[in-house]
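Numbering of the sequence shown is given in numbering that gives the first Met the number 0, commencing with residue 0 and proceeding in unit increments.
Backbone N, C-alpha and C define an ideal beta-carbon position, used for all residues, glycine too.
Read the structure below first, then the notes.
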Amino acid sequence: MGLTLTEKILKNHLVDGEFIKGSEIGIKIDQTLTQDATGTMAYLEFEAIGIPRVKTERSVAYIDHNTLQNGFENADDHRFIGSVAKKHGICFSRPGNGICHQVHLERFGIPGKTLIGSDSHTPTGGGIGMIAIGAGGLDVAVAMGGGAYYITYPKIVKVTLTGKLSPWVAAKDVILEVLKRMTVKGGVGKVIEYGGEGVKTLTVPERATITNMGAELGATTSIFPSDDVTLAFLKAQNRAEVWTELKADDDAVYDEEIHIDLSSVVPMAACPHSPDNVKTVAEIGRLKIDQVCIGSCTNSSFIDMMKVATILKGRTVHPSVSLSIAPGSKQVLNMLASNGALADMIDAGARILESACGPCIGMGQSPNSGGVSLRTFNRNFEGRSGTKDGQIYLVSPEMAAISAIKGYLTDPRELGNMPEFHLPHQFKINDNMVEPPADEKDMDGIETLRGPNIQPYPVTSPLLDDIACKVSLKVGDNITTDHIMPAGAKILPLRSNIPAISMHCFTVCDEDFPKRAKQLGISIIVGGSNYGQGSSREHAALAPLYLGIKAVVVKSFARIHRANLINAGILPLTFVNEADYDRIGQGDDVVLENLRADIESGKSELTLINRSNGEEIPVLCELTGRTRDIILAGGLLDYTRLSLTSDAGKN
Ligand code: MIC
Ligand code: SF4
C-alpha cells in the first residue's frame, strides 16, 4: 500500500510510538520558530531546561507581534530574545524583517523537513512541502533542546484540486470554501493534504495562504507537494539546492476525501465572528464598510501586494474608508519600493504599516465603534480587533482593495480583465536583518538582557491526591484562546509577566473571573465544545495555572490548547455524556477523589462529584504514558527537569 505525503515525512522523523491512527507519536524536529509574543516565555523555559545550545538544524526567533513600543516592555522583550538567541545558537530576525511565517517561507523553509513554531499559523510552511505544526512555547523549548515533539497520529484528508481559479478569484477563496465545508472544528486530529492537477496552477505563496488558514480548521497541519512550482519559488529565493521532489504515492490511502474544482470557486468572505461563517458576496449583499486592512501572515506576499497595488493604481480610497497595508516582510516591502508599486499604494491613500502582524493581533488600527472592517487576515473572533463590537469580515486582497475604493463590499470580478501576475524570477535578497548566533566558543561570554517586566515561569506543583474546589467559571462552545487570554496592544506587553497578564484572563467573558479565581485558591473551569480554538498562546494555560485552575472539564478541546494545559499541569477532562454539561454550574462545589492514585494506575474514566446537587458525573481523562507522567509531575517543565536529572543519575 502506498503512502501519503504526510506519512512519508512523518515516517522519516518517527522517534517514538507506532503508526496507529489516534495513538501518540514522537517526531524529530528539524527546525523551530518563535515569535516575540510567545518567544520570551519559550526562551525562559528553554533556559530553565538548562541545555546550552539548540540541537535543531535551524531555529529562528522572530520579532513581529509586539512591535508597538508604548512603554519599555516590548523593547525589553526584543532585547532579551535577541540576546538569548545569540547565546544559544538561534538566528534572530530583527524587528522590521517581517512576519515570522512569511519570512520563514522565503528564507528558511525546506521541503520534507519538520518545523514546529510557537504560533498556530506555523502550517504556512506546508505551502513549501514541510510538516509544519503550531505548538506551545514549552514544546518548542523542548524541541530546541533536542526532544521529540508529540502529536496524535493524524487522520489524513485529501483535498483534490482540479481546474484553475477564475480571474480575480483567490487562494483565500479556496480556503474559505474548505472552511465552509469543514467548519472550525472539522480539522481536529487531521492533516489536510492537497493534491490533484489543480495544485500545479497555484504558486507557493497561494499554497501558503491555504495551509496558513488551515489552522482555522483546527487541523494539525496542511501540506502541499513539493514540485516544479516549489522549485521555481526556491530558485527565485536563491535556495534551489534545498529542493527535493515530494508527493504522495498514487495508491496512497486517505481517511477522507474532498474535491474542489478551482474553476467553480467564487469570491467569498468569512462574516463576523468566525472564520467558518462563510458567505458569497451576493449572499451578503451591499455592505457599507469603514475600514480595510491588508496584510498578515495569510495574505502579505509579493504577489498579493502586486495585485493590490494594481487595483489601487490611479484610484483613491473611498472617503469613508481607512485603508492600511502591511507588506509581510522586508523583502516584499523592498521590492514594492523598488518597482514603484508602493508609490501606487501611497498615492491612492493607503496607510502603510511596518512589516509585522499589526492590526491582525490588535496592535493598532482598531475599527470605529460598530465599524465594518474587511481584512485579509485569518481570524475574526469577537473583540480581537480591539473594538468589542467591530464587525470583521475576512476576504482576499483583491476583494479588500477594490472594496476600499468603492466604499462597500465588492466582488473583485467587477474589475473585468485581469492582468497576468507572475512570481518574480528573482526575489530581492538581503538577509542583513537576520543576526546569526555567536560561535559556540564565545557563547559563555554573552549576557542575557532581562528587563524588569520579565517574570519567571509560574510555580507548579505535582498533581494533588484529591481536588475539592468550586467551579470558578462556566463558558459555552467555541471558546477561543482570545477569550481566555486576550491580546491587543494593551495586554500583549504583559506576555513575559504571568502574574500581571493573568489579571486579564477571561475578562472578555467575565470581568471578575481573575479576582474570583485567585480568592478561591484552587478551582476548575467548565466549557463546551472546541474549547481553546485559535492561537497557540500557552498563556491561555499559564494564566489559569497561576490563578489556581486545576482542571478544565469540557465537551471537547482544540488540539494545541489541550497540549498546553497538559504542559502546564492542568488536567484536561471531557464529559463522557455531553448532556452532563447541564448538570454542573458556576459556583458549584465539586470533588475528584483519589485523583492521583487513579491517574497513576492509568484509569481514564473518573467521577466528578457535584456536591452542590449530589450528581455524579463521569468524565474522561485520556492520557498516554508520557502525558500521564507530565500531569503527575506538575507539567512538562518539571517532567523534563525530572527526566534530565534521572538521566544524569544514570551516568
Ligand atoms: C494569533 O494569530 O492569534 C497569534 C497572535 O499569532 C497567536 C500567537 C500568540 O497568541 O502569541 C497564534 O496564532 O498562535
Ligand atoms: Fe501574526 Fe496575525 Fe499571523 Fe498571528 S495570524 S502570526 S498575529 S499575522
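Excluding the 5 residues flanking it on each side, V183 has same chain C-beta neighbours closer than 8 Å at E215, L216, G217, S273, P274, D275, N477, N529 and Q532, in chain order. Listed as beta-bridge partners of A36 by DSSP are no residues whatsoever.
In the structure shown, R78 falls within a helical segment according to DSSP collapsed to helix, strand and coil.
Its chain contains L261 as the residues whose beta carbon lies nearer than 6 Å to that of L164, once the 5 sequence neighbours on both sides are disregarded; these appear in chain order. Taking a C-beta distance under 8 Å as the contact criterion, F91 and R57 do not qualify as a contact pair. Scanning the segment 198-278 for uninterrupted alpha helix (DSSP H) segments of 4 residues or longer gives 203-212 and 227-235, listed from N- to C-terminal end. Secondary structure at I24: strand, using DSSP grouped into helix, strand and coil.
By the Cβ neighbour-count rule, T243 is exposed, with fewer than 16 other Cβ atoms within 10 Å of its own. Closest in alpha carbon position to D138, among H317, G126, S119 and I155, is S119. Distance from the C-beta of A486 to the nearest heavy atom of the ligand MIC is below 7 Å. Bridge pairing for D15: G25 [DSSP].
D76 sits buried, since 16 or more C-beta atoms from the chains shown fall within 10 Å of its C-beta. Relative to the ligand SF4, the nearest heavy atom lies less than 7 Å away from the CB of N377. Per DSSP, the continuous alpha helix (DSSP H) segment holding E397 begins and ends at P396 to K405.
In the same chain as E434, and ignoring 5 residues on each side of it, the C-beta atoms closer than 6 Å to its own belong to F91, in chain order. Annotation for Q585 indicates a beta carbon at 7 Å or more from all heavy atoms of the ligand SF4. The three-state reading of DSSP puts G136 in helix, counting H, G and I together. In chain order, D35, N65, T66, L67, L491 and P492 place their CB closer than 8 Å to the CB of N73, counting only its own chain and leaving out the 5 sequence neighbours on each side. Distance between S82 and A596, taken at the CA atoms: about 44 Å. Annotation: N429 to Q330 spans about 8 Å, alpha carbon to alpha carbon. Burial state of F71 is exposed, judged by a 10 Å Cβ sphere holding fewer than 16 other Cβ atoms.
Judged by their CB atoms, I404 and V307 are not nearer to each other than the 8 Å cut-off. Distance from the Cα of A437 is smallest, within the candidate group I62, I24 and K85, for K85.
A147 and D29 have their C-alpha atoms roughly 10 Å apart. Between R374 and the set D289, A134 and E44, the nearest pair of CA atoms involves D289. With respect to the 8 Å criterion, A235 and L43 are not classified as neighbours on the basis of their beta carbons. About 4 Å separates the Cβ atoms of G568 and G633, confirming a contact at the 8 Å cut-off. With fewer than 16 neighbouring CB atoms inside 10 Å of its own CB, S603 falls in the exposed class. The alpha helix (DSSP H) runs lying completely inside the segment 576-616 and spanning 4 residues or more are 594-599, given in chain order. Judged by beta-carbon spacing, V173 lies within the 8 Å limit of V264, meaning their Cβ atoms are closer than that value. For R625, the uninterrupted alpha helix (DSSP H) segment begins and ends at G624 to A632. In the same chain as L230, and ignoring 5 residues on each side of it, the C-beta atoms closer than 6 Å to its own belong to W242, in chain order. Residue environment for F420: exposed (fewer than 16 other C-beta atoms within 10 angstroms of its C-beta). Annotation for S372 indicates a beta carbon at 7 Å or more from all heavy atoms of the ligand SF4.
Setting aside the 5 residues that flank it on each side, E621 is surrounded in the same chain by S603, each with a C-beta closer than 6 Å to its C-beta; the list follows chain order.
Partner residues in a beta bridge of T375, as assigned by DSSP, do not exist.
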